[in-house]
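**Q** Would you mind keeping the following structure in view while I ask a few things?
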Amino acid sequence: MTAAVRDAETSRANAGATMLPRLLPATGQPMDLSAHLKVHGRAPYRGGPRMLIHTIESAGLTGRGGAAFPTHRKLTAVADQKGVPVVVGNGAEGEPASDKDKRLLWSSPHLVLDGLQLAAETVGARQVHLYVHRHPELLRRLHSALAERAAAGLDRIAVALVTAPPRFLAGEESALASRVEGGAALPRFTPPRIFERGVNGAPTLVQNVETLAQLALISRYGPAWFRAVGTEQEPGSMLTTLRRADGGGGVEEIAIGTPIADPLRLAEHPAQAVLVGGYHGAWLSPEQAGRLTLSNADLRPLGAAVGAGVLAALPTDRCGIVESARVVQYLALESAGQCGPCLNGLPRIAATFMQLADHRSAPSAQDDLRRWSKLVERRGACHHPDGTVRFLRSALTVFADEVTLHEARRCSASTYKPFLPIPAGSPGHEDDWI
Amino acid sequence: MDERLRVNPILCSGHGLCAELLPEQVTLDEWGYPILSGEPVPKELRKLAHRAVTDCPALALILVRDH
Amino acid sequence: MTSATALWYASRATGVICLVLFSLVAVLGIIVNRQGRLPGLPRFAVTGLHRNLSLLTVAFLGMHIVTAIADGYAHIPWLSTVVPFTSGYERFWIGLGTVALDLFAAVIVTSLLRDRLAPAVWRAVHWLAYVSYPVIVVHSLGASKDLRSGWLLALTMATVFAVVTAISYRVIAAYAAVPRHRLVPEQLAQADKTGSLR
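Chains as they are written, first to last, in the working numbering: chain A, 268 to 701; chain B, 157 to 223; chain C, 103 to 300.
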């Protein structure tokens, strides 16, 4: 990206910043139905299937669940299948470092629920589910939002709430399909892909709740409005979960293409590295974080991605290796344990990396980690091993100096207080996947 | 029309017959699970490939046609 | 010896051969399932032996049935080959044989089509083999007095011992198997024997 283009995009991103927030309520207060109707009005049903697809295509909306797949192509793929489709709104982010889906469902449930109805109309679905983790207060709020909508006759198809277990992989689309069918949230082998045969064999549209909310807004305000913010290739706003080096942060809606240093305030709160995407994402060095924007155009060439919008700036007093080893151990424990390479490789990788963090690694540790990484990549039914390896490799690269210190039984950190959130209670029972 | 081997890693339990029948296409990793070359199955190995698919005790091996 | 008697003896003899073959097939099947090896044989040969012996069993089973029916003395109707408990002669014991045949036929047919069936379907039908085993043994002991004395009794006991041992091994392995949700924690514990996990 040339400097001139970068500057133009940045000033557009900054100008667009005044048009934010869009997804989250401007007042900061959660929107109930009457507030939602006052601001946005009723969801503009098109009257038939497929009619919204062209608008979504012009808007250039891509999935906000992490994969950034063009939404219009997913809608078309499902609408093209034989059989009556099922739609599932995916609010089970599973990512411990991400709070955006929870926040969106809490603050703007009606945007998500409008999006669900519009998506269902677009693909010709007759069953709609909303998949969320088991937070009692959030579930209560969603139940009452659905009741309000039923009373107002807003929803053409009744929405069934399905709860997800607190698993990292719960939001993976084939695990989601298994759970919505009533079984455990375990990934399946594909093909057939979920859009072809998902919940109970029906073509299934799985869309992240943020994507649905964006769709609901685009259907009202149009593609040009959507594109007023963001970049040409990656238009629109996105929700991010920020963890600044000073401990501050939270969920914020920003324009795609915003320099990473800005929302993280890296100038005031310098970091030794920045994690982008989530626990299947990648670490950036301070130099990279200072130079790059939050966009796949900038991040993909480095093997990173915008992902689920997690931006975590590791403070300089922590140890990047210890933090990363804790994450890798968590990721290993979250393996579904269904595929030989993953269930053999990830625990060995995690144990070796933890030994490195603890200054008790064998001399072959780095070679072992490299070999096992190559062995597990792309050999599972889902992308859990791939994402784990991406995270691991970026840690070994960005924290290479720290690795050298640790092999010499030293460490540069002054505290081991955990920075990245790791849930306690790894699965210990078969029911933990339900 | 090419045929390629694919393994369903959920069904696979590392019996290793595939690697015995088709060492040109399948090797085993250090835990006994198959690593597939991903290359199209050459004509002369097609019969063996079909046999590997039929004989896999876990029915984990598949032959996929690409167009 | 009249031809009728020759057919009757042939039926009894092929019956014994079927019992022995089926026992071998069952033991081999369990060896395959447990990823066991036979000395000097690659794994595909163990699987191949299991399949080929089962097809040999089909052949001998065919002879066992045809000779029993062709021998006019016992008046076993052709219908009794597939519909259990319809034979006038020794209705119960022959009926058990028919049950065993029906189960065995399901196993064989699905196995011939196994690359076209969903793995779960093939597996479910294949377990009928376990169901058929006691039926076969009881039929063998009941349908004729041959196996109840002498060397044939010893042979029968040897085959039953082998199969029961193999099945017990299979059942114990199933109970001892680490459940899916414990696989990763066990691997992690093994991989990190030297230290504690944080």
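Glycine is no exception: its CB is placed at the ideal position from the N, C-alpha and C atoms.
(1) Roughly how many angstroms lie between the CA atoms of residue 268 of chain A and residue 500 of chain A, to the nearest whole one?
(2) My output table needs one value for residue 176 of chain B: the three-state DSSP class, helix, strand or coil.
(3) Counting only runs that start and end within the stretch 197–257 of chain C, where is the alpha helix (DSSP H) found for 4 or more residues in a row?
(4) Does DSSP classify residue 584 of chain A as helix, strand or coil?
(5) Express the C-alpha separation of residue 395 of chain A and residue 316 of chain A in angstroms, rounding to a whole number.
(6) Based on the DSSP secondary-structure assignment, which residues constitute the bridge partners of residue 173 of chain C?
(7) Starting from residue 621 of chain A, trace the alpha helix (DSSP H) both ways and give me its first and last residue.
(8) Between residue 291 of chain A and residue 371 of chain A, what straight-line distance do the alpha-carbon atoms span, to the nearest angstrom?
(9) If you follow the beta strand (DSSP E) that residue 506 of chain A is in, where does it begin and where does it stop?
(10) Among A:564, A:538 and A:547, whose alpha-carbon lies nearest the alpha-carbon of residue 553 of chain A?
(11) Starting from residue 520 of chain A, follow its DSSP beta bridges and name the residues at the other end.
(12) Quick one: what does DSSP say residue 525 of chain A is sitting in, helix, strand or coil?
(13) Are the CB atoms of residue 304 of chain A and residue 386 of chain A nearer to each other than 8 Å?
(14) Contact between the stretch 160–167 of chain B and the stretch 137–146 of chain C: three or more CB pairs below 8 Å?
(15) So, for residue 357 of chain A: in the same chain, excluding its five sequence neighbours on each side, which residues have a beta-carbon less than 7 Å away from its beta-carbon?
(16) Going straight from the alpha carbon of residue 253 of chain C to that of residue 468 of chain A, what length do you get?
(17) Answer with yes or no whether the minimum CB distance from residue 213 of chain B to chain A is below 8 Å.
(18) Whole angstroms is fine: what's the gap from residue 173 of chain C's alpha carbon to residue 107 of chain C's?
(19) Rounding to the nearest angstrom, what Cα-Cα distance links residue 198 of chain C and residue 293 of chain C in this structure?
(20) Using Cβ-Cβ distances below 7 Å, what residues of the stretch 268–284 of chain C are close to chain A?
(21) Measuring alpha carbon to alpha carbon, tell me which of A:512, A:329 and A:698 ends up nearest residue 603 of chain A.
(22) So what's residue 127 of chain C in DSSP terms, helix, strand or just coil?
(23) For residue 286 of chain C, decide whether its Cβ has a neighbour in chain A, counting only Cβ atoms nearer than 8 Å.
(24) Please work out which residues of its chain come closer than 8 Å, Cβ to Cβ, to residue 649 of chain A, disregarding the five sequence neighbours upstream and downstream, and give them in chain order.
(25) Using C-beta distances below 7 Å, list every residue in its chain close to residue 457 of chain A, excluding the 5 sequence neighbours before and after it, in chain order.
(26) Go ahead and label residue 259 of chain C buried or exposed: buried means 16 or more other beta carbons lie within 10 angstroms of its beta carbon, across all protein chains shown.
(27) Just to check my reading of the structure: residue 534 of chain A and residue 556 of chain A have Cβ atoms closer than 8 Å, yes? What is that Cβ distance to the nearest angstrom?
(28) Would you mind reading off the limits of the alpha helix (DSSP H) that contains residue 382 of chain A?
(29) Leaving aside the five residues before and after residue 216 of chain B along the sequence, list all residues of the same chain whose C-beta is less than 6 Å from its C-beta, in chain order.
(30) Within the continuous beta strand (DSSP E) that includes residue 539 of chain A, where are the two ends?
(31) Counting contacts by CB-CB distance shorter than 8 Å, is residue 143 of chain C in contact with chain A?
(32) Can you find a CB in chain A that lies within less than 8 Å of the CB of residue 294 of chain C?
(33) Run through DSSP, which three-state label would residue 366 of chain A get?
(34) Applying the criterion that 16 or more other CB atoms from any shown protein chain within 10 Å of the CB defines a buried residue, is residue 198 of chain B buried or exposed?
(35) Is there at least one Cβ from chain B nearer than 8 Å to residue 160 of chain C's Cβ?
(36) Please name the residue or residues paired with residue 355 of chain A in a DSSP beta bridge.
**A** Concretely, from the data shown:
(1) Below a pLDDT of 50, predicted positions are generally treated as unreliable, and residue 268 of chain A, at 47, falls in that range; the measurement from the model is reported next regardless. Distance between the alpha carbons of residue 268 of chain A and residue 500 of chain A: 12 Å.
(2) helix
(3) 221–228 and 230–245
(4) coil
(5) 15 Å
(6) Residue 173 of chain C is not bridged to any residue.
(7) 607–624
(8) 7 Å
(9) 504–510
(10) A:538
(11) A:506
(12) coil
(13) no
(14) no
(15) 332, 398, 438, 443, 473, 474, 475 and 476
(16) 57 Å
(17) no
(18) 7 Å
(19) 52 Å
(20) 281, 282 and 283
(21) A:698
(22) helix
(23) yes
(24) 436, 439, 441, 442, 454 and 603
(25) 441
(26) exposed
(27) In fact, because the Cβ distance is near 11 Å, the residues do not count as touching under 8 Å.
(28) 376–390
(29) 163, 164, 167 and 168
(30) 538–544
(31) no
(32) yes
(33) coil
(34) exposed
(35) no
(36) A:396 and A:473
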